[in-house]
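A.B. asks: Below: one structure in structure tokens.
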């Protein structure tokens, strides 16, 4: 028995609802230059908070970290060139420099708490390997004085 396939296809075809694609309903055009100027101080403050940690663990400043902290869409910084350039100045820090900054932070924290400071304790809290400690030793002087940097080098 043969079926009439054209009749079956005809029953499945439905008309599309009329839609005007030229109109974006609910969306308004942003004045990106104005928003860039207004958000620049806020983004600068946020970068400082992430970089220093405000008494907590310092973190790396990245575009992703800023967009998460501000609850912006992922591509928002692409439309804000001044804010994006500010974030890029902070994110130009190498991973070795970040590790050195993190080690100095925890060394100071342990010293203030009068706690025992050992390589193993620093390793566990920073989750760094021995070769990572060796790679970041050169950058310790950038984040603390020479005497403290030498003490940290002797520990790690």
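Residue numbers (this note's numbering): 1 to 156.
Ideal Cβ positions, reconstructed from N, Cα and C, are used throughout, including at glycine.
Keep in mind it's a predicted model, so treat the numbers as computed, not measured.
1) Determine the extent of the alpha helix (DSSP H) in which residue 81 is found, giving its start and end residues.
2) Is it buried or exposed, residue 111, if we count other Cβ atoms within 10 angstroms and call 16 or more buried?
3) Going by C-alpha to C-alpha distance, which of 64, 45, 119 and 113 sits closest to residue 154?
4) Quick one: which unbroken alpha helix (DSSP H) runs of 4-plus residues sit fully inside the segment 32 to 83? Chain order, please.
5) Is it true that the segment 91 to 106 meets the segment 133 to 146, where meeting means three or more beta-carbon pairs spaced less than 8 Å apart?
6) Compare the beta carbon distance of residue 81 and residue 36 with 9 Å and say whether it is the shorter of the two.
7) According to the neighbour-count rule (16 or more other Cβ atoms, all chains shown, within 10 Å of its Cβ), is residue 157 buried or exposed?
8) For residue 94, tell me which candidate among 61, 40 and 130 has the shortest Cα-Cα distance.
9) Look at residue 51 and residue 58 and say whether their C-beta atoms are less than 9 Å apart.
10) In chain order, what residues of the same chain lie with their CB nearer than 8 Å to the CB of residue 78, ignoring the 5 residues before and after it?
11) Going by the CB atoms, is the gap between residue 148 and residue 107 shorter than 9 Å?
C.D. replies: Reading off the structure:
1) 81 to 91
2) exposed
3) 119
4) 32 to 52 and 63 to 70
5) yes
6) yes
7) Shown here, the chain extends from 1 to 156; a query on residue 157 therefore has no answer.
8) 61
9) yes
10) 84
11) yes
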